[in-house]
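Going down the list, the sequences are from chains A and B. Just so we're aligned, residue 1 is where the first sequence starts under the working numbering, counting upward by one. Just so we're aligned, residue 460 is where the second sequence starts under the working numbering, counting upward by one. What follows is a set of notes on a single structure, which appears directly below.
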Amino acid sequence: MSVNAENAIGVPQWGEDRKLLWPIKETTRGQRILLISLFVVAMFGWSCVIRQWVLGVGITGLGKPLYWGFYITHFVFFIGISHAGTLVSAILRLSNAEWRRPITRIAEAITAFSLIVGASHVLIDMGRIDRMLNIVFYPQPKSPLFWDVCSISLYLMSSLVYLYAPLIPDIAMCREEYRNSGSWRFHFYRVLSLNWQGTEAQTKRLHKVINFLMIFIIPVAVSVHTVISYIFAMTIQPMWHSSIFGPYFVVGAIYSGIGALMIVMAVVRKAFHLENYFKLIHFRQLGLVLLVMTILWFYFTFGEYLPTYYKNEPHELTIFMSKMHGDFAWLFWGMVLAMTINFFILAIPYFRTITGFAISGVLINIGMWIERFVIITPTLTHPALPYKAAHYIPTFWEWGEFLGSVAGFILLYFLFAKLFPLISVWEIKEGREEAIHDVVKRVESYMPDPAEKGESKDQ
Amino acid sequence: MKALTKFWNKLQKQRKSRPMVWGMVIDLDKCTGCAACVQACRSENNIPFAGEEQMDLGRGIFWMEILASAEGREDETSYKVNPLPCMQCDNPPCIKYCPTRATETNREGVNGQVYARCIGCRYCTVACPYTRRFFNWHDANIPKEMEPLLNPDVTVRYRGVVEKCNFCYQRIREGKWNAKLNGREIEKGEISDGEIQMACEQTCPSNAIVFGNLQDIHSKVHKLAKKKRTKTIFGEIGAQPKTFYLDEEDVHVS
């Protein structure tokens with residue numbers, strides 16, 4: 001597709017991309033402090049989970065009508081973020097967008113780690129985690145939760161491979177870098193590089209894997225969030241039972257994912273001095289995608305809420321009203337406000353700076369977190385039978401678990417950045433050396449063929 | 460397609476040919492709201508105590524519960540009570556959501572819970588529109604003095620699993636065993652009406668609760684369930700509950 005499969009890439013040389021190596025080679029004091037504090041917070045999150053395993057799910061603020069709360073919200077939230085990477089990078093690769101080259105790996109790493117964090121939330125939510133293999137031993141194919149298990153595990157596997165495959169030439173580069181150092185890193189890279197020599201056959205195989213996965217992964221990614229939305233949409237609970245949920249969740253997932261990608265890009269750019277790789281143009285290109293997603297998100301939200309209001313079904317209206325001017329109003333309108341501000345940041349050229357995009361990324365993720373919470377919780381607070389409305393106050397432990405999982409995600413990402421180059425060196429190289437000619441050829445092929453002399457005169 | 464239709468018809472036929480389908484009728488015009496059924500259910504089924512603090516969080520477990528609500532304006536308030544066991548739907552909205560088949564409808568139409576297989580994901584509790592499923596948030600809280608009084612026929616549920624009313628299945632089984640020992644063919648539904656009594660039914664001072672075999676056309680339940688004033692809760696969602704209510708007026712909760 002985007003690459004010439006004929007040329008062997010060999011073990012690439014660092015060349016002018018050598019500055020990508022410094023986060024691997026050196027650890028500054030600031031990084032050390034960050035690493036330790038992230039570790040502490042992540043361990044605190046773990047301790048909350050372990051406390052829950054010892055004492056029971058009763059340490060959460062959940063109760064009778066409100067059986068699902070923070071954990072399921074975060075499950076949906078983190079898996080939503082995971083749509084940044086693999087899906088975006090697959091689409092960019094597939095559409096031959098040349099500006100993708102520095103972005104793809106950063107995006108794919110987000111997918112892998114947020115998927116691990118997100119999927120673990122549904123396990124944390126379980127009352128009996130020791131029996132989780134019952135889903136494998138006694139599966140019930142009718143259950144949307146079972147569909148989820150299938151599609152998320154497929155997605156996790158394929159996106160790990162999709163992250164790993166383009167990483168192999170770069171691992172080989174690191175291997176060569178540490179060959180004579182006697183460090184443990186040499187053996188680490190030696191094992192992971194799968195004896196990459198960059199021969200013609202290896203290169204061909206690599207391109208084959210990447211080209212296959214980038215097509216394969218798009219329907220898988222779409223199915224993942226569709227099936228997650230089916231968990232809710234398949235029940236007959238008011239405001240959950242909605243046929244729009246599948247595409248609504250997918251749009252929201254891609255939206256929050258690209259938002260997260262914006263944040264990561266801005267942070268990594270500053271932290272690892274990659275100003276030369278993430279230029280304003282990359283942010284602006286992604287910003288355009290984000291703007292489209294913002295508008296789509298508004299369209300879907302509108303399309304979800306207005307029919308509910310017009311339908312006037314009492315149970316649904318109770319929940320609708322609790323979002324409009326009830327318990328959840330400040331959250332709902334906060335979300336709308338965040339998304340509106342975000343729209344203007346993305347649309348007005350004056351704000352389309354890197355800081356602006358980073359802020360918009362934060363706003364999107366706050367907004368999308370609220371969206372998930374406001375979809376999941378209000379429905380459960382008002383049971384259909386005339387019970388007293390329930391109020392959900394997440395406990396200290398649930399907040400601790402949330403902080404811990406955010407820290408865990410950053411920690412995993414940080415460790416990844418300390419072990420592997422965050423930017424695909426060989427792909428950048430390929431971009432420099434080959435893609436320019438390819439693009440020129442491609443553009444020429446779009447144009448009308450030059451008329452041959454003599455021919456045009458005759459007609 | 461033809462094979463599918465054939466299979467479907469066979470399934471429907473099998474369903475119709477069930478010798479026993481248990482059902483319950485609660486006469487709201489007779490119900491006084493004394494909550495004796497709630498107590499009977501709790502001691503029959505070893506339901507743990509929640510305590511005041513946990514009750515406020517909604518952690519109380521009531522397989523049978525009295526839902527009370529006031530209606531009308533200030534001067535003409537009417538107070539209504541409604542005993543709520545599990546609806547034992549024939550087309551249950553909870554069962555197809557369980558990812559591990561820990562809850563199934565058996566041939567007699569009772570929706571049971573397999574505590575030993577439940578993973579505690581709480582999907583069924585979320586899906587049940589009647590909120591008739593309960594989760595064990597903590598280890599069962601049963602005081603030491605109460606332990607000798609526990610029903611030996613029923614397990615004490617442990618932390619992290621979902622539980623629900625199962626129409627006192629231990630009593631149904633006992634009734635069936637007795638019938639079998641007496642030489643009756645239970646496969647043909649030869650169980651006399653009133654032979655099996657639910658704990659709530661047995662305790663009800665005004666005989667508002669009637670339990671029995673809906674397939675037996677001579678049973679009291681069958682006759683009551685066919686009455687004009689029979690209602691089900693949320694009939695419109697198509698869950699086909701097998702717990703019926705008798706009320707001159709509309710069942711107020713639906």
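From the three backbone atoms N, C-alpha and C, an ideal C-beta is built for every residue, glycine too.
Could you pull out every residue in the same chain whose Cβ sits closer than 6 Å to the Cβ of F373(A), ignoring the five residues on either side in sequence?
To locate residue 373(A), count along the first sequence from 1; it is residue 373. These residues qualify, in order along the chain: T73.
What residues from the segment 508-537 of chain B come within 8 Å of chain A, judged by C-beta to C-beta, listed N to C?
Q513, L516, G517, R518, G519, L526, S528
Spatially closest choice to M605(B) from I655(B), M483(B), I506(B), by CA coordinates
Working through the second sequence from its first residue, we reach residue 605(B) at position 146. Among I655(B), M483(B), I506(B), the Cα nearest to that of M605(B) is on I506(B).
Let me check one thing: in DSSP terms, what residues is M483(B) bridge-paired to?
On the second sequence, residue 483(B) is found 24 positions in, with the first residue counted as 1. According to DSSP, which records beta bridges pairwise, M483(B) is partnered with F670(B), T702(B).
For chain B, is any of its Cβ atoms less than 9 Å away from the one on I228(A)?
Looking up residue 228(A) in the first sequence gives position 228. False, the Cβ-Cβ gap to chain B never drops below 9 Å.
For A509(B) and I520(B), believed in contact at Cβ under 8 Å, the rounded distance:
Translated into the one-based positions of the second sequence, residue 520(B) becomes position 61. Translated into the one-based positions of the second sequence, residue 509(B) becomes position 50. Indeed, because the Cβ distance is near 7 Å, the residues count as touching under 8 Å.
Could you run through the segment 232-252 of chain A and flag, in chain order, every residue whose CB is less than 8 Å away from some CB of chain B?
M234, T235, I236, Q237
First through last residue of the alpha helix (DSSP H) which encompasses N476(B)
Here residue 476(B) corresponds to residue number 17 of the second sequence, with the count starting at 1. In the sequence as displayed, the identity of residue 476(B) is Ser instead of Asn. Element bounds for S476(B): n/a, residue is neither H nor E.
Would you kindly report the start and end of the unbroken beta strand (DSSP E) that includes I525(B)?
For the purposes of this step, residue 525(B) is taken as residue 66 along the second sequence, with counting starting at 1. I525(B) -> beta strand (DSSP E) spans 524-530.
Return the CA-CA distance between N276(A) and H282(A), expressed in angstroms with no decimal places.
Translated into positions along the first sequence, residue 276(A) becomes position 276. Translated into positions along the first sequence, residue 282(A) becomes position 282. Taking the straight line joining both Cα atoms gives about 11 Å.
Would you call the CB atoms of F249(A) and I228(A) closer than 9 Å?
Taking the first sequence and counting its residues from 1, the one referred to as residue 249(A) is at position 249. Taking the first sequence and counting its residues from 1, the one referred to as residue 228(A) is at position 228. Yes. Within cutoff.
Own chain residues within Cβ distance below 8 Å of S713(B), not counting five before or after:
The residue you call residue 713(B) lines up with position 254 of the second sequence. Per-residue confidence for S713(B) stands at a pLDDT of 44, beneath the threshold of 50, marking its modelled position as unreliable; no derived number is given.
If you measure from the beta carbon of P314(A) to each beta carbon in chain B, is any gap under 9 Å?
Within the first sequence, residue 314(A) is the residue found at index 314, counting from 1. No, because no Cβ of chain B sits closer than 9 Å to the Cβ of P314(A).
Simplified DSSP assignment, three categories, for L385(A)
Working through the first sequence from its first residue, we reach residue 385(A) at position 385. Coil at L385(A), not helix or strand.
Taking all protein chains shown into account, do 16 or more other C-beta atoms lie within 10 angstroms of the C-beta of Y413(A), making it buried, or fewer, making it exposed?
On the first sequence, residue 413(A) is found 413 positions in, with the first residue counted as 1. It counts as buried.
Can you tell me which residues form a DSSP beta bridge with G592(B)?
Within the second sequence, numbered from 1, the residue matching residue 592(B) stands at position 133. In the sequence under discussion, the amino acid at residue 592(B) is Arg, which differs from the Gly named in the question. The partner list for R592(B) (beta bridge, DSSP) reads K623(B).
Rounded to whole angstroms, what's the CA-CA distance from L411(A) to F39(A)? Just pull it up for me.
Position 411 of the first sequence, counted from the start, is the residue given in the question as residue 411(A). Position 39 of the first sequence, counted from the start, is the residue given in the question as residue 39(A). Those two C-alpha atoms are separated by around 7 Å.
Could you check whether the Cβ of A119(A) sits closer than 9 Å to any Cβ belonging to chain B?
Residue 119(A) sits at position 119 when you count from the first residue of the first sequence. Closer than 9 Å: no.
With a threshold of 16 other CB atoms inside 10 Å of the CB of A8(A), please say whether the residue is buried or exposed.
As a first step, residue 8(A) is located in the first sequence; it is residue number 8 there, counting from the start. Classification for A8(A): exposed.
Segments assigned alpha helix (DSSP H), at least 4 residues, entirely inside the segment 184-255 of chain A:
184-192, 200-233
Output yes if chain A places a C-beta closer than 9 Å to the C-beta of R576(B); else output no.
Residue 576(B) sits at position 117 when you count from the first residue of the second sequence. Closer than 9 Å: yes.
List the whole-angstrom C-beta distance separating R175(A) from S193(A), where the pair is believed to meet the contact cut-off of C-beta under 8 Å.
Counting from one through the first sequence, the residue named residue 175(A) turns up at place 175. Counting from one through the first sequence, the residue named residue 193(A) turns up at place 193. Between S193(A) and R175(A) the Cβ distance is about 5 Å, and since that is below 8 Å, they are a contact.
Is I423(A) near I135(A), with beta carbons less than 9 Å apart?
Position 423 of the first sequence, counted from the start, is the residue given in the question as residue 423(A). Position 135 of the first sequence, counted from the start, is the residue given in the question as residue 135(A). Cβ atoms of I423(A) and I135(A): not closer than 9 Å.
Which residues DSSP lists as bridging L519(A), in chain order
Limits of chain A in this structure are 1 at one end and 459 at the other, which puts residue 519(A) out of reach.
Could you have a look at Y155(A) and say whether DSSP puts it in helix, strand or coil?
Taking the first sequence and counting its residues from 1, the one referred to as residue 155(A) is at position 155. Of the three classes helix, strand and coil, the one that applies to Y155(A) here is helix, per DSSP.
With distances taken from CA atoms, which of W297(A), T226(A), S242(A) is nearest S256(A)?
Stepping through the first sequence from its first residue, residue 256(A) is reached at position 256. Here the closest residue by C-alpha is W297(A).
Would you say L640(B) lies against chain A (beta-carbon separation less than 9 Å)?
In the second sequence, residue 640(B) corresponds to position 181, counting from 1. Cβ-Cβ to chain A under 9 Å: no for L640(B).
Residue span of the beta strand (DSSP E) that contains K639(B), given as start and end
Indexing the second sequence from 1 puts residue 639(B) at position 180. Where K639(B) is concerned, there is no enclosing beta strand (DSSP E), although the alpha helix (DSSP H) it sits in stretches over 628-640.
Helix or strand or just coil, what does DSSP make of Y392(A)?
Position 392 of the first sequence holds residue 392(A). Note: Y392(A) maps to coil in three-state DSSP.
Could you tell me whether any Cβ in chain B is nearer than 9 Å to the Cβ of L380(A)?
Within the first sequence, the letter at position 380 stands for residue 380(A). At least one chain B Cβ lies under 9 Å of L380(A).
Are there 16 or more other CB atoms within 10 angstroms of the CB of E676(B), so buried, or fewer, so exposed?
Against the second sequence, residue 676(B) aligns to sequence position 217. The residue asked about is misnamed: residue 676(B) is Ile in this sequence, not Glu. Classification for I676(B): exposed.
Is it right to say S82(A) is buried, meaning 16 or more other beta carbons lie within 10 angstroms of its own, or is it exposed?
Start at 1 with the first residue of the first sequence, and residue 82(A) comes out as number 82. Flag for S82(A) reads buried.
Smallest Cα separation from A465(A): which of L163(A), L291(A), F302(A), N365(A)?
Lying outside 1 to 459, the shown extent of chain A, residue 465(A) is not represented and no answer is given.
Three-state secondary structure assigned by DSSP to P542(B):
The residue labelled residue 542(B) in the question sits at position 83 within the second sequence. DSSP places P542(B) in strand when its eight states are reduced to three.
Mind the definition here: the segment 570-579 of chain B touches the segment 30-49 of chain A only if three or more C-beta pairs lie below 8 Å; say whether that holds.
no
Is S678(B) helix, strand or coil by DSSP?
Residue mapping note: residue 678(B) aligns to position 219 of the second sequence, counting from 1. DSSP places S678(B) in coil when its eight states are reduced to three.
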